[in-house]
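Enquirer: Please see the structure below; I have some questions.
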Amino acid sequence: MNLQIQTGTSVTLHFSLALENGHIVDSNFEGNPATFSVGDGNLLPGFESSLLGLEVGDEREFIIPPENAFGQHNAQNVQSVDRGNFDESDLEIGSILSFQNGDGELPGVIIALEENLVMVDFNHPLSGKNIVFQVKIVEINPERVH
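What follows is the structure in structure tokens.
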């Protein structure tokens with residue numbers, strides 16, 4: 550029986566993340582494959598769980614819903630910020646700026662400009678979207694004993 554992907558196995562794969570309209574967000578099919586250990590936290594659980602049971606040579610495409618990918622869009626993560634807090638040269642709809650919060654830096658996307666306010670969306674840019682996850686399994690190694 551061939552080795553299958555399971556929690557703890559080391560997996561080397563080619564992958565791509567795309568939107569349903571075909572726009573590729575990330576891919577390593579043109580370069581070197583990525584290696585990670587299943588369950589180490591490097592891959593979101595919704596993506597990781599779709600790999601379980603696959604074997605070397607398997608090629609698959611999965612549709613990962615928002616709740617298993619980057620989350621649903623949360624209206625509470627859209628904030629209005631006083632325009633005076635910004636350098637006017639930074640103010641352009643679609644610009645991504647870093648904001649300080651208690652945990653460090655948080656990226657936000659400017660979505661609207663008003664006379665005295667700037668509307669900033671702190672949701673992940675891929676929140677609320679189905680993600681097309683394509684994989685080709687290159688190598689699987691058994692769980693390592695530490």
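For any residue, its number in the working numbering is found by taking its place in the sequence shown, counting from 1, and adding 549. The beta carbon of each residue, even a glycine, is placed where N, CA and C say it ideally should be. Every value quoted in this text rests on a predicted model; they were computed, and no experiment measured them.
Express the C-alpha separation of Phe564 and Ile573 in angstroms, rounding to a whole number.
Expert: Position 24 of the sequence shown, counted from the start, is the residue given in the question as residue 573. Position 15 of the sequence shown, counted from the start, is the residue given in the question as residue 564. Answer to the nearest angstrom: the Cα atoms are 11 Å apart.
Enquirer: Hey, could you find the ends of the alpha helix (DSSP H) Ser647 is sitting in?
Expert: Residue mapping note: residue 647 aligns to position 98 of the sequence shown, counting from 1. Ser647 -> not in any alpha helix (DSSP H); beta strand (DSSP E) instead, spanning Ile645 to Asn650.
Enquirer: Where do the ends of the beta strand (DSSP E) carrying Gly696 lie?
Expert: Residue coverage of the chain in this structure runs from 550 to 695, which leaves residue 696 outside it and unanswerable.
Enquirer: In the DSSP output, what is Thr515 paired with across the bridge?
Expert: Nothing in the structure corresponds to residue 515, since the chain is present only between 550 and 695.
Enquirer: Give me the Cα-Cα distance between Glu604 and Ile689, rounded to the nearest whole angstrom.
Expert: Within the sequence shown, residue 604 is the residue found at index 55, counting from 1. Within the sequence shown, residue 689 is the residue found at index 140, counting from 1. Roughly 7 Å between the two C-alpha positions.
Enquirer: Measure the Cβ-Cβ separation of Arg632 and Leu666 and say whether it is below 8 Å.
Expert: Against the sequence shown, residue 632 aligns to sequence position 83. Against the sequence shown, residue 666 aligns to sequence position 117. In contact: Arg632 and Leu666 (Cβ atoms closer than 8 Å).
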